[in-house]
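Peer 1:
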Amino acid sequence: MLLTLLDRVVNQADMALQTLAENPADTDRENMWRTGINVFFETFGSHKAVTRAGQAARATSVEVAELWSTFMQKWIAYTAAVIDAERDRGAAPRTLPAHELATALNLMNERTLFASFAGEQPSVPEARVLDTLVHIWVTSIYGENR
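In this text, residue positions in the sequence shown follow my numbering: the first is 54, and each later residue adds one.
1) Between the alpha carbons of Trp190 and Ser99, how many angstroms are there, rounded?
2) Could you tell me how far apart the beta carbons of Leu166 and Val117 are, in whole angstroms, since I believe they sit closer than 8 Å?
3) Can you name the start and end residues of the alpha helix (DSSP H) that Leu58 belongs to?
4) Starting from Ala151 and walking both ways along the alpha helix (DSSP H), at which residues does that stretch end?
5) Determine, using beta carbons only, whether Ala106 and Leu55 come nearer to each other than 8 Å.
6) Taking C-alpha atoms, which residue in Glu173, Tyr195, Ser169, Gln71 lies nearest to Ala151?
7) Just checking my contact of Glu179 with Phe170 at CB under 8 Å: how many whole Å lie between their CB atoms?
8) Just reading off the alpha helix (DSSP H) that Asp81 is part of, what are its end residues?
9) Taking just the CA atoms, how far does Thr104 sit from Gln65?
10) Whole angstroms are fine: how far does the CA of Thr148 sit from the CA of Tyr131?
11) Where does the unbroken alpha helix (DSSP H) through Ala110 begin, and where does it stop?
12) Please report how far the alpha carbon of Ala157 lies from the alpha carbon of Asp137, in whole angstroms.
13) Checking 8 Å against the spacing of the C-beta atoms, do Phe94 and Val177 come in under that value?
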């Protein structure tokens with residue numbers, strides 16, 4: 054039952070992200086990333102019980118772990134492609150490899166969002182988590198090389 058519910062939630066997020074990818078509405082980089090991250094904030098935040106149960110089940114259910122891994126890899130690949138596109142058009146500097154940066158950012162989102170949704174301590178307050186994540190993404194993608 055959990056696998057079915059989680060599959061629905063994950064596919065809902067994936068379809069919303071796919072719609073954004075096919076119909077980019079914003080050229081402002083901060084708004085572009087905010088809109089993308091908000092897909093996950095809204096989708097998983099609207100299904101907190103399923104999100105928490107799915108997170109917990111990943112350690113014990115091969116099916117849940119595989120479902121989550123499949124979609125995380127897809128979302129990471131998409132993020133890396135957007136980072137590369139931003140670099141190709143000269144909007145972002147070439148710093149870390151795009152796939153590695155995308156992996157770190159998506160894993161950070163996952164942990165940060167789930168901690169906020171569960172009210173863990175410490176966590177970023179749910180009302181501030183989207184702004185916090187957007188700041189980190191934009192700074193990481195568009196910041197200068199060190």
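The beta-carbon is built from N, C-alpha and C at its ideal position, and this holds for glycine as well.
Peer 2: Looking at the atomic coordinates:
1) 23 Å
2) Contact doesn't hold; Cβ gap of about 17 Å is too wide.
3) 55–75
4) Ala151: member of the alpha helix (DSSP H) spanning 151–171, first to last residue.
5) Taking 8 Å as the Cβ cut-off, Ala106 and Leu55 qualify as a contacting pair.
6) Tyr195
7) 7 Å
8) Asp81 -> no alpha helix (DSSP H), and no H or E assigned at all.
9) Computed Cα separation, rounded: 13 Å.
10) In this structure, the straight-line span from the alpha carbon of Tyr131 to that of Thr148 is close to 18 Å.
11) 101–110
12) 15 Å
13) no
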